[in-house]
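**Q** Sequence positions in the sequence shown follow mature numbering (1 follows the signal peptide of the UniProt record, and there is no 0) and run -20 to -1, 1 to 197.
Where is the CB? At the ideal position from N, CA and C, for every residue including glycine.
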Amino acid sequence: MSKFRFVTLLLIVLFHVVNGEEDQVYDTYTIEGKIIPPDVVTPEWISATRILVNGGERFGFLKADGSFSLSNLSPGSYVVEVANPNYIYEPARVDINSKGKFRARKVNYVQSSLVQQIPYPLKFKIRGPYKYFQVRETWRITDFLFNPMVLMMVLPLLLIMVLPKMMNAADPETQREMQQMQMPKYDMPELSEMMTSLFTGGKKTQLKSIKTAKKRQ
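In structure tokens:
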């Protein structure tokens, strides 16, 4: 009899525990938002767009006006993403506390402590189209002109052609100064003569000049 009573009491306790868990109600919340459509809205864009929560744990669909709602979410932090094969959207993080307050912020995986709040309900804008193929580069005239080999050949020719014209267009005074700088100065003695006169002395040269003058007479 004691074993029977023990089993009966155990079953009663388990029944009350299970019944209490079923009676306990968890509050759930709904994340709402809207996606700004592209310039040309097609039915394919609406059908191909999905709203992902935490990388696909839950997902939702768009309505005809571009809005969406994700229901039955318990308090916590959720990353909401827009998946579309043609357009890129920036994800958002939504925090729901136990009191049912919402806070939306940008997703930052590098600095998770950095909080940049964004308006709620969510609004997703197109960042740009997906580029699945690399655009082939086309030939441009600037690529040829800025080639180092071309610059080495063209710049000297330009200098040869432009500098004389610049000299001709200059003032007469500047032309004279340039000519004087280019003409050799015959009045100045050469360096060898200056050195010989410095080491031998000026008297010997004067005597030689006198002797040569007498011989000629």
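Nearest-angstrom Cα distance between V134 and T122?
**A** Numbered from its first residue, the sequence shown carries residue 134 at position 154. Numbered from its first residue, the sequence shown carries residue 122 at position 142. Whole-angstrom Cα-Cα distance: 14 Å.
**Q** Can you check the region 4 to 29 for any beta strand (DSSP E) of at least 3 residues that lies completely inside it and give the ranges in chain order?
**A** 9 to 15
**Q** For the putative contact between V33 and V60, defined by C-beta atoms under 8 Å, what is the C-beta separation to the nearest angstrom?
**A** Stepping through the sequence shown from its first residue, residue 33 is reached at position 53. Stepping through the sequence shown from its first residue, residue 60 is reached at position 80. Indeed they touch by this definition, with Cβ atoms about 6 Å apart.
**Q** If I'm right that Y100 touches A84 with Cβ under 8 Å, what's the distance once you round it to whole angstroms?
**A** Within the sequence shown, the letter at position 120 stands for residue 100. Within the sequence shown, the letter at position 104 stands for residue 84. Right, the Cβ-Cβ distance comes to about 4 Å (below 8 Å), so this counts as a contact.
**Q** Figure out for me which residue from V115, N127 and S54 has the closest Cα to the Cα of D7.
**A** Here the question's residue 7 lines up with position 27 in the sequence shown. Ranking the options by Cα distance to D7, first place goes to S54.
**Q** Ignore the nearest five residues each way along the sequence and tell me which others in N88's own chain have a CB closer than 6 Å to its CB.
**A** The count along the sequence shown starts at 1 and reaches residue 88 at position 108. The residues are L94.
**Q** Per DSSP, G40 forms a beta bridge with which residues?
**A** To locate residue 40, count along the sequence shown from 1; it is residue 60. G40 is bridged to I31.
**Q** Mind checking whether N66 and W119 have CB atoms under 9 Å apart?
**A** Start at 1 with the first residue of the sequence shown, and residue 66 comes out as number 86. Start at 1 with the first residue of the sequence shown, and residue 119 comes out as number 139. Not a contact, by the Cβ cut-off of 9 Å.
**Q** Using DSSP with H/G/I as helix, E/B as strand and the rest coil, what is L94?
**A** In the sequence shown, counting from the first residue as 1, residue 94 sits at position 114. L94 falls in the coil class under three-state DSSP.
**Q** Helix, strand or coil for D75? Go by DSSP, reduced to three states.
**A** Along the sequence shown, one-based indexing puts residue 75 at 95. D75 falls in the strand class under three-state DSSP.
**Q** If we count the other Cβ atoms within 10 Å of its Cβ and call it buried at 16 or more, is F104 buried or exposed?
**A** Taking the first residue of the sequence shown as position 1, residue 104 is located at position 124. Flag for F104 reads buried.
**Q** Less than 9 Å between the beta carbons of G46 and K14, yes or no?
**A** As a working note, residue 46 is residue 66 in the sequence shown. As a working note, residue 14 is residue 34 in the sequence shown. In contact: G46 and K14 (Cβ atoms closer than 9 Å).
**Q** Ignore the nearest five residues each way along the sequence and tell me which others in S51's own chain have a CB closer than 6 Å to its CB.
**A** Along the sequence shown, one-based indexing puts residue 51 at 71. Excluding residues within five positions, the ones whose Cβ falls inside 6 Å are T10.
**Q** With DSSP as the reference, identify every bridge partner of I68, one or two as the case may be.
**A** By 1-based counting over the sequence shown, the position of residue 68 is 88. Paired residues: G108.
**Q** Can you tell me which of the three DSSP states F82 falls into?
**A** The residue labelled residue 82 in the question sits at position 102 within the sequence shown. F82 falls in the strand class under three-state DSSP.
**Q** Buried or exposed, going by whether 16 or more other CB atoms sit within 10 Å of the CB of I140?
**A** For the purposes of this step, residue 140 is taken as the residue at position 160 of the sequence shown. With a 10 Å radius around the Cβ and a threshold of 16 neighbouring Cβ atoms, I140 comes out exposed.
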